[in-house]
Amino acid sequence: MNRAEKAALQLQAVAVLRMLKETRTYDELAELSGLPAGDLNRYVNGHVLPGVERAREVVDGVGRDALAAELRARVEFDDEGYVDNSGIVFDQSFLDLVAPVAANALGFERPDVVLTAATDGITLGAAMAGYFDARVAYAKKSKETAVEDFIESRQRLASGIELTYYLPGRAISRGENVLIVDDLIRSGETQELLLDIAKQANADVTGVFALISVGEEGIDRARELTDAPVGALSTFDAE
Numbered sequence: 003m004n005r006a007e008k009a010a011l012q013l014q015a016v017a018v019l020r021m022l023k024e025t026r027t028y029d030e031l032a033e034l035s036g037l038p039a040g041d042l043n044r045y046v047n048g049h050v051l052p053g054v055e056r057a058r059e060v061v062d063g064v065g066r067d068a069l070a071a072e073l074r075a076r077v078e079f080d081d082e083g084y085v086d087n088s089g090i091v092f093d094q095s096f097l098d099l100v101a102p103v104a105a106n107a108l109g110f111e112r113p114d115v116v117l118t119a120a121t122d123g124i125t126l127g128a129a130m131a132g133y134f135d136a137r138v139a140y141a142k143k144s145k146e147t148a149v150e151d152f153i154e155s156r157q158r159l160a161s162g163i164e165l166t167y168y169l170p171g172r173a174i175s176r177g178e179n180v181l182i183v184d185d186l187i188r189s190g191e192t193q194e195l196l197l198d199i200a201k202q203a204n205a206d207v208t209g210v211f212a213l214i215s216v217g218e219e220g221i222d223r224a225r226e227l228t229d230a231p232v233g234a235l236s237t238f239d240a241e
């Protein structure tokens, strides 16, 4: 890890601690993190940065659990099982915290392109791309008028509805590393289409990540289609 990477990790840890401090006292934060309250005070107020190993513990351990808990508090389900995650996908500062935590916890290799599906996946895709200093590309259910070359992936769902996604052909180049992300994974159908797009582009998939997994079906389906790491920040029981 070079000096810039160490500094970035330390700043990420401070950002996580500041988010947690918004709803906790220093004593409560100390109990949660296992770090002394006095040290936390200095980190949160910007007087000193945590050491590299301590920063890694915050981002990989405390950070993931805390962000998952925060996500669960913001997500709502209606009586028919539909998910309202607007409290997450519209909060770019929260997603910017998710990116390093997910990358470190799941061990994603640095991608050249972050691929997602329009529209709710775009803000997460932007956060992940920003963290990795990568490009972001998003597939849509309709073709752009001025674009002539597309990668197209089509699938007939169990309901009989046909789902098709289109990505401009120049968005991903042969041999590039692609990280697939989305706000939600339930059946895994969208992720399967995105994986197919990456395959058609002759790209290498470095991972599949979702903010929310409803049940394990989608995660299991993605794992059957790629050897790359697959995971979600938080899993809810399927109804």
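All residue numbers for the sequence shown refer to this note's numbering, where the first residue is 3 and numbers rise by one. Note that CB positions come from ideal geometry on N, CA and C, so glycine has one too. Bear in mind that the values here come from a model prediction, so they are computed numbers and not experimental data.
Check                                                                                                                                                                  : Outcome
How long is the line joining the alpha carbons of Ile-221 and Val-232, rounded to whole angstroms?                                                                     : 7 Å
Thinking Ile-182 and Leu-197 are a contact (beta carbons under 8 Å), I'd like their distance in whole angstroms, please.                                               : 6 Å
Spatial neighbours of Ala-128 within its chain, please: CB distance less than 7 Å, with the 5 preceding and 5 following residues excluded, ordered by chain position.  : Val-138
Just checking my contact of Asp-239 with Gly-217 at CB under 8 Å: how many whole Å lie between their CB atoms?                                                         : 7 Å
What's the gap between the Cα of Arg-56 and the Cα of Val-116?                                                                                                         : 29 Å
What is the rounded straight-line gap between the Cα of Ala-230 and the Cα of Val-100?                                                                                 : 19 Å
Which one or two residues does DSSP pair with Val-115 in a beta bridge?                                                                                                : Arg-137 and Val-180
Quick one: complete alpha helix (DSSP H) runs, 4+ long, within the segment 79-116?                                                                                     : 88-91 and 94-108
State the start and end residues of the unbroken beta strand (DSSP E) segment that holds Ser-236.                                                                      : 232-238
What does the Cβ neighbour count give for Gln-14, buried or exposed, with the cut at 16 atoms within 10 Å?                                                             : buried
Do Ala-136 and Arg-112 count as a contact pair if the criterion is CB distance below 9 Å?                                                                              : yes
Identify the continuous beta strand (DSSP E) that holds Asp-122 and give its terminal residues.                                                                        : Here Asp-122 belongs to no beta strand (DSSP E), and DSSP marks it neither H nor E.
In chain order, what residues of the same chain lie with their CB nearer than 6 Å to the CB of Ala-200, ignoring the 5 residues before and after it?                   : Val-180 and Val-207
Take the Cβ of Val-103 as the centre, count every other Cβ of all protein chains shown within 10 Å, and call the residue buried at 16 or more, exposed below.          : buried
Just to confirm my understanding: we take Leu-42, look at its own chain, exclude 5 residues before and 5 after, and list those with CB closer than 8 Å. What are they? : Leu-19, Lys-23, Tyr-28, Leu-31, Ala-32 and Ser-35
Under the DSSP definition of a beta bridge, which residues are partnered with Tyr-167?                                                                                 : Ser-155
Between Lys-143 and Thr-166, how many whole angstroms is the CB-CB distance? I'm expecting something under 8 Å.                                                        : 7 Å
Please look up how many angstroms separate the CB atoms of Pro-52 and Tyr-45, rounded, as I've assumed it's under 8 Å.                                                 : 6 Å
Whose C-beta lies closer than 6 Å to the C-beta of Asp-98 among residues of the same chain, with five residues either side of it excluded?                             : Ala-129
What did DSSP end up calling Ile-214 once you bin it into helix, strand or coil?                                                                                       : strand
Could you check which residue in Ala-10, Val-61, Glu-191 and Thr-25 has the C-alpha nearest to that of Asn-106?                                                        : Val-61
Starting from Ser-35 and walking both ways along the alpha helix (DSSP H), at which residues does that stretch end?                                                    : 28-35
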